[in-house]
Amino acid sequence: MRIFDIFTFTAYWHLLNAFTVTVPKDLYVVEYGSNVTIECRFPVEKQLDLMSLVVYWEMDNKNIIQFVRGEEDLKVQDSSYRDRAWLLKDQLFLGSAALEITDVKLRDAGVYRCMISYGGADYKRITLKVNGEWFPGLESTEASVQQRTCISCSNRNSLRVAQAKAGRMVLRRQTYFRENKSTCLEMFF
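In full-length UniProt numbering, the protein residues as written are 1 to 189.
Structure representation (structure tokens):
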């Protein structure tokens, strides 16, 4: 049913040009582990009729929010966003489809699509970039694809690694393991 709704939405949205979705920002840059609220705005003439409103938030074909006829369907929410992403429903009455994501992960970075239908239909794209933390010595560490590197530390929190800065390799995945009584990190670039 959802695929049909999306197809219908994308096939006819250009015919309904009186309705326009806008974004206050099309780029958000946040820190790893922080919270972010990204927003699409839509016109509300008088009092909002929730039964006529449809809001979808997606990223890389992952369903984040599906709000139809006054109800948010959490059963279709992608598991990577479960208990971390919400539609701020009180903002809908102000013409704002605000998506809040808590405890932002590196995998949350990407292009989000906000699709809204309310007497007309439109969508906008918003980019989310996630900055992370570097720990001392990482800049000088040489790494090849799938290199296992051990870095001793007192706790895992000091091993948080994130997206590389310009000219450096981007860390795609990290795994912790124990080796010789040290907490270690396996890095995949």
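Just so it is clear, CB atoms sit at the ideal spot from N, CA and C, and this is done for glycine as well.
In this text the structure is predicted, and so the values were computed from the model without any measurement.
Kindly identify the DSSP beta-bridge partner or partners of residue i.
i: M59; result: K62, Y112
i: S117; result: V54, A121
i: R41; result: T22, S96
i: Y28; result: L128
i: L106; result: DSSP output for L106 lists no bridge partner at all.
i: V68; result: V54, E71
i: residue 190; result: This structure gives no information on residue 190, because the portion of the chain shown stretches from 1 to 189.
i: L87; result: L99
Do you know whose CA, among the options, lies nearest residue i's CA?
i: G33; options: E72, L106, L128; result: L106
i: A18; options: K62, Y123, F93, T127; result: Y123
i: Y81; options: V29, L27, P43, N61; result: N61
i: K129; options: G120, G110, I116; result: G110
i: V68; options: T127, N131, I116, I126; result: I116
i: R84; options: S96, C40, V104, N131; result: V104
i: R113; options: I38, E39, W57, V29; result: W57
i: S52; options: D90, G132, N131, Y118; result: Y118
i: Q47; options: I101, V29, D90, G132; result: D90
Within 10 angstroms of the Cβ of residue i, are there 16 or more other Cβ atoms? Answer buried if so, exposed if not.
i: V55; result: buried
i: C153; result: Summary for C153: the model assigns pLDDT 45, below 50, so the residue's position carries little reliability; its value from the coordinates is reported in the next sentence. By the neighbour-count rule (16 or more Cβ atoms within 10 Å), C153 is not buried but exposed.
i: Q77; result: buried
i: L92; result: buried
i: R125; result: exposed
i: R41; result: buried
i: A166; result: Confidence at A166 is low in this model, with a pLDDT of 31, below 50, so its placement is unreliable and no value can be given for it.
Taking the CB atoms as reference points, tell me whether residue i and residue j lie closer together than 8 angstroms.
i: G70; j: L50; result: yes
i: G95; j: V44; result: yes
i: E31; j: A97; result: no
i: V36; j: I101; result: yes
i: L88; j: E72; result: no
* Determine contact between the region 61 to 74 and the region 17 to 31, defined as no fewer than three beta-carbon pairs at a distance below 8 angstroms. => The region 61 to 74 is not in contact with the region 17 to 31.
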